[in-house]
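Colleague:
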Amino acid sequence: DRGLAVAQRELGNLLQKMGKLEEGDQFVEQAIATMEQLVAEFPGLPDHRTYLIFMLGNHTYSLLRRHQLDKALEFWEQFLVHRRWTTEHEPTRSAAPRMLIDNLRVHAVLLYESGEIDRARQAMGESLRLARQVMEDHSDNANDKYIYAWINNVCPFPDLRDTRAALAAMKE
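Counted the way my numbering counts, the sequence shown spans residues 6 to 177.
1) Shortest alpha-carbon distance to Arg71 belongs to which of Leu50, Ala128, Gly24 and Gln13?
2) Counting beta carbon pairs with one atom in the stretch 153-162 and one in the stretch 111-129, are three or more of them shorter than 8 Å?
3) Let's test the definition: count the other Cβ atoms within 10 Å of the Cβ of Gly17 and tell me whether it reaches 16, buried, or not, exposed.
4) Is it right to say Ala77 is buried, meaning 16 or more other beta carbons lie within 10 angstroms of its own, or is it exposed?
5) Kindly provide the ranges of any alpha helix (DSSP H) runs that are 4 or more residues long and lie completely inside the stretch 74-129, ordered along the chain.
6) Have a look at Ala10 and Ala38 and give me their C-alpha separation to the nearest angstrom.
7) On the premise that Leu109 lies in contact with Gln83, defined as a C-beta separation below 8 Å, what is that separation, rounded to the nearest angstrom?
8) Is the CB-CB distance between Ala113 and Ala136 below 7 Å?
9) Quick check: the Cα distance between Glu34 and Asp6, rounded to an integer number of angstroms?
10) State buried or exposed for Phe47, treating a residue as buried only when at least 16 other CB atoms are found within 10 Å of its CB.
11) Which class does Phe59 belong to by DSSP, given the choice of helix, strand or coil?
12) Between the alpha carbons of Ile180 and Ser144, how many angstroms are there, rounded?
13) CB Leu20 to CB Gly8, shorter than 7 Å?
14) Since Met23 is in the alpha helix (DSSP H), which residue starts that stretch and which ends it?
15) Can Gly130 and Leu74 be called in contact, C-beta distance under 7 Å?
16) Are the beta-carbon atoms of Gln13 and Ala36 separated by less than 7 Å?
17) Terminal residues of the continuous alpha helix (DSSP H) containing Asp149?
Below you can see the structure in the form of structure tokens.
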């Protein structure tokens, strides 16, 4: 159950802090597997998926701090599966699309750094499309316009940028 996953994650984090990184990773990954099982068994309980997303994101960043890019990318892609599901199936969580925009940008960076340029381009393109959609759906929200302009600005693929729209969004 969720209590087991929490205990596994806490034990894994403690082992990592003690310098036992591989052993700690094993417990964190067991916790993730436990939460994935709970999400599969109880898909209607959003708290399970939210906690799984939290665990996947934290584990990804832990791996990145230790320069384990390939493994981090694997867990980030699991993270994105659940973030996309949340964005699609829980529309009342207004921040979900905005979080997905940045999550896709992070995905593009990870792919770019691992040499997967075509996949990085796809992820960045998806981030830009979603940012534009959110901006257009909430045209009165200055923050959404800023997010769209910012994503355009950090895009490493000039042909994907919509500079004119980004500049217009910043002027409003």
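Heads up, the beta-carbon is just placed ideally off N, CA and C, and yes, glycines get one too.
Modeller: Per the coordinate set shown:
1) When only C-alpha atoms are compared, the closest one is Gly24.
2) Per the Cβ contact rule, the stretch 111-129 is in contact with the stretch 153-162 (3 or more Cβ pairs under 8 Å).
3) Taking every protein chain shown into account, the CB of Gly17 has 16 or more other CB atoms within 10 angstroms, so this residue is buried.
4) By the neighbour-count criterion, in which 16 or more other beta carbons inside 10 Å mark a residue as buried, Ala77 falls on the buried side.
5) The qualifying runs are 74-94 and 101-118.
6) One Cα belongs to Ala10, the other to Ala38, and the distance between them is close to 8 Å.
7) Contact annotation, Gln83 with Leu109: C-beta distance approximately 14 Å; criterion of less than 8 Å not satisfied.
8) In this structure, Ala136 does not lie closer than 7 Å to Ala113 by Cβ.
9) Near 15 Å, if we compare the C-alpha coordinates of Asp6 and Glu34.
10) Counting C-beta atoms within 10 angstroms of its own C-beta, Phe47 has fewer than 16 neighbours from the protein chains shown and is therefore classed as exposed.
11) Secondary structure of Phe59 (DSSP, three-state): helix.
12) For the chain, the structure presents residues 6 to 177; residue 180 sits outside this window and is missing.
13) The Cβ atoms of Leu20 and Gly8 lie no closer than 7 Å to each other.
14) It is not in any alpha helix (DSSP H) - Met23 carries neither H nor E in the DSSP assignment.
15) No, Cβ-Cβ distance for Gly130 and Leu74 is not below 7 Å.
16) In this structure, Ala36 lies closer than 7 Å to Gln13 by Cβ.
17) Counting along the chain, the alpha helix (DSSP H) containing Asp149 begins and ends at Ala147 to Val159.
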